[in-house]
Amino acid sequence: MEESRAGSTRPGLSPVLLVLFVDLVGFSIIFPLFPAILDSYRGDSSMEALLGTLRSLSPDIDDARLVTLFGGVLGSLYSILQFLVSPFWGSLSDRIGRRKVLFITIAGNFFASLLWAFSGTFALLVLSRVLAGIAAGNISAATAAVADLTPGSERARGMGLVGAAFGLGFILGPAIGGALGTIDLTASTDQVSQDLLRTTPFTAAALGVALLNLIN
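Residue numbers (numbering that gives the first Met the number 0): 0 to 215.
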């Protein structure tokens, strides 16, 4: 019985591992772009207000370190939200099923990527990271799904594959971000289209994440 179960559920691991991989790519793809992203939003009222708050908290810090601190705060926002909402997604997946929760969160990541792609203001960029962080709470549901799909004798292998998906996402995410960050779609669109779509120099990277989620 266990052999037949193992044989029938092994193929089901691939979509779940893909969910984990795409989540980690979406999380880490922005890392190499942070300095340029923050520089591109210089002068935006929302960003200047937040920088002013950080300056008031650390009056002795110079501008270079302030921007570094600001990037760290923005980067940690995703992880903090993921930490906070993971119990909710895990509990919800117990009630309505893993598949439904994974579908909802993949859709959330897709829309977060689209919002980032056309975030003409810093406030929209932050909102996209908030939405992505909330949707990334599906990692607990995906990990639980792997446990469901693997019998006891293969559970260690299943958890090892989860770790591999994490590692691969962390490795490839920044590389993909760096490569797509060299593509500036604002240079290939006219001013009217740019104003309507609110494209940024980082739209290509965001659309890359959206495409991965769509495939997912």
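Glycine is no exception: its CB is placed at the ideal position from the N, C-alpha and C atoms. Since the model is a prediction, treat every value here as computed from it, not as a measurement.
- Judged by beta-carbon spacing, residue 176 lies within the 7 angstroms limit of residue 32, meaning their Cβ atoms are closer than that value.
- With fewer than 16 other CB atoms across the displayed protein chains lying within 10 angstroms of its CB, residue 72 is exposed.
- Distance between residue 12 and residue 145, taken at the CA atoms: about 6 angstroms.
- Assigned with DSSP and collapsed to three states, residue 117 falls in coil, not helix or strand.
- Taking the C-beta atoms as reference points, residue 46 is found no nearer than 7 angstroms to residue 117.
- When secondary structure is reduced to three states using DSSP, residue 150 falls in the coil class, being assigned neither helix nor strand.
- Just measuring C-alpha positions, the residue of 93, 140 and 53 sitting nearest residue 81 is 140.
- Where residue 54 is concerned, the enclosing alpha helix (DSSP H) starts and stops at 44-56.
- Counted as a single uninterrupted DSSP element, the stretch harbouring residue 181 is not any alpha helix (DSSP H), since DSSP gives it neither H nor E.
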